[in-house]
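Novice:
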């Protein structure tokens, strides 16, 4: 069984595009909505009632379930509330099958074949607790809307976990299961490609609110345009080398999701940095620094 979960919040409008991309090939779609209409930071959020009317009309096969609960816990950080909501969503989706979690502003390219890929891995569903696995896809990030199209992250080292047979989330969408499968399937991420007001709402409410100086990065983002974007390299807010450079793509190409995988560098576990990261995820946090030091010496 193919189960897809979405978190519905202030950027619900992107679900008008993301839900149809996975609808036909999924068996169940669950939309998690905070019943008090609060973000992970405790700020009010607005979801237009017409969105739920659209869901009801669009859902001709009765696959979509609206799951409402309390997802804001005041004593938690935004990332802790994010992780908690994903685990509650997993429970609402029920045991068994493949669990896929996609954010509202993520568009799955070729979801039908991704599902076929998962079905080929059906042996993982026989005893998921004993053989948990985490499936990653390539995360293609749109960075800014400019005249005629978008600036996107070129040569990114981003891969994101989206599917698992054993949905026990440790940090946001990451289960940190030791078995990981990195695929070439693409998840297009709207991310920073929004207007100024939306970006401000995003950085003051998202999981990463406390991870870095979002205000400073916001100012940096505002100053990038079609004339100067080639000047910037290695500029990810938390890990500069993760985002190598920016490139332009036309709006028509974005709308049809025609992005060639050859334009991007796949997530490379063999490089020193990412092998260190991969190995660290298998071990307790208490010894992560020791492992990092060791692998920096040994990995060539």
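Numbering (this note's numbering), first residue to last: 197 to 496. Glycine residues also receive a C-beta, built at the ideal position from the N, C-alpha and C atoms.
#1: So which of 384, 312, 327, 340 has the shortest CA-CA distance to residue 354?
#2: Strictly under 7 Å for the Cβ-Cβ distance: is residue 276 near chain B by that measure?
#3: What residue range is occupied by the uninterrupted alpha helix (DSSP H) comprising residue 219?
#4: Could you say if the stretch 235 to 247 and the stretch 291 to 306 meet the contact criterion of at least three C-beta pairs nearer than 8 Å?
#5: Considering only residues of the same chain and omitting the five flanking positions on each side of residue 263, which have a CB-CB separation below 6 Å?
#6: Give me the Cβ distance between residue 138 and residue 334, rounded to the nearest whole Å; I'm assuming they're in contact under 8 Å.
#7: Measure the C-alpha to C-alpha separation of residue 267 and residue 281 and round it to an integer number of angstroms.
#8: Going by CA-CA distance only, name the one from 357, 309, 342, 427 that's closest to residue 220.
#9: Would you kindly work out how many angstroms separate the C-alpha atoms of residue 422 and residue 299, rounded to a whole number?
#10: Taking just the CA atoms, how far does residue 345 sit from residue 418?
#11: Please name the residue in 371, 239, 202, 343 whose C-alpha comes closest to that of residue 301.
#12: Do the stretch 432 to 449 and the stretch 359 to 376 make contact, defined as three or more Cβ pairs closer than 8 Å?
#13: Spatial neighbours of residue 330 within its chain, please: C-beta separation below 8 Å, excluding the five flanking residues on both sides.
#14: Quick check on residue 246: buried or exposed, where buried means 16 or more other Cβ atoms within 10 Å of its Cβ?
#15: Which one of 244, 303, 273, 439 has the shortest CA to CA distance from residue 205?
#16: Using three-state DSSP, classify residue 224 as helix, strand or coil.
#17: For residue 396, report the span of its beta strand (DSSP E) as first-last.
Specialist: Inspection of the coordinates gives the following:
#1: Translated into positions along the chain shown, residue 354 becomes position 158. Closest by alpha carbon: 384.
#2: In the displayed structure, chain B is absent; only one protein chain is listed.
#3: Within the chain shown, the letter at position 23 stands for residue 219. Taken as a continuous stretch (DSSP letters only), the alpha helix (DSSP H) holding residue 219 covers 211 to 219.
#4: No, the stretch 235 to 247 is not in contact with the stretch 291 to 306.
#5: Here residue 263 refers to the residue found at position 67 of the chain shown. For residue 263, same chain residues with a beta-carbon under 6 Å away, outside a window of 5 residues either side, are 226, 228, 288 in chain order.
#6: The displayed coordinates of the chain run from 197 to 496. Any statement about residue 138 would go beyond what the structure contains.
#7: Looking up residue 267 in the chain shown gives position 71. Looking up residue 281 in the chain shown gives position 85. Rounded to whole angstroms, the separation of the alpha carbons of residue 281 and residue 267 is 6 Å.
#8: In the chain shown, residue 220 corresponds to position 24, counting from 1. For the residues 357, 309, 342, 427, the minimum Cα distance to residue 220 belongs to 309.
#9: Counting from one through the chain shown, the residue named residue 422 turns up at place 226. Counting from one through the chain shown, the residue named residue 299 turns up at place 103. Looking at the two C-alpha atoms, the distance is approximately 27 Å.
#10: Position 222 of the chain shown, counted from the start, is the residue given in the question as residue 418. Position 149 of the chain shown, counted from the start, is the residue given in the question as residue 345. Approximately 16 Å, taken between the alpha carbons.
#11: The residue you call residue 301 lines up with position 105 of the chain shown. It is 202 whose Cα lies nearest to the Cα of residue 301.
#12: At 8 Å Cβ cutoff, the stretches do not touch.
#13: Reading the chain shown from its first residue, position 134 is the one you call residue 330. Setting aside the 5 residues that flank it on each side, residue 330 is surrounded in the same chain by 357, 359, 360, 370, 371, 372, 373, 375, 376, 377, each with a C-beta closer than 8 Å to its C-beta; the list follows chain order.
#14: Locating residue 246 in the chain shown gives position 50, where the first residue counts as 1. Result: exposed.
#15: Your numbering for residue 205 matches position 9 in the chain shown. Checking every option, the nearest Cα to that of residue 205 belongs to 244.
#16: Here residue 224 corresponds to residue number 28 of the chain shown, with the count starting at 1. Residue 224: strand per DSSP, three-state reduction.
#17: On the chain shown, residue 396 is found 200 positions in, with the first residue counted as 1. If you look at residue 396, you'll find it isn't in any beta strand (DSSP E); it sits in the alpha helix (DSSP H) that goes 392 to 399.
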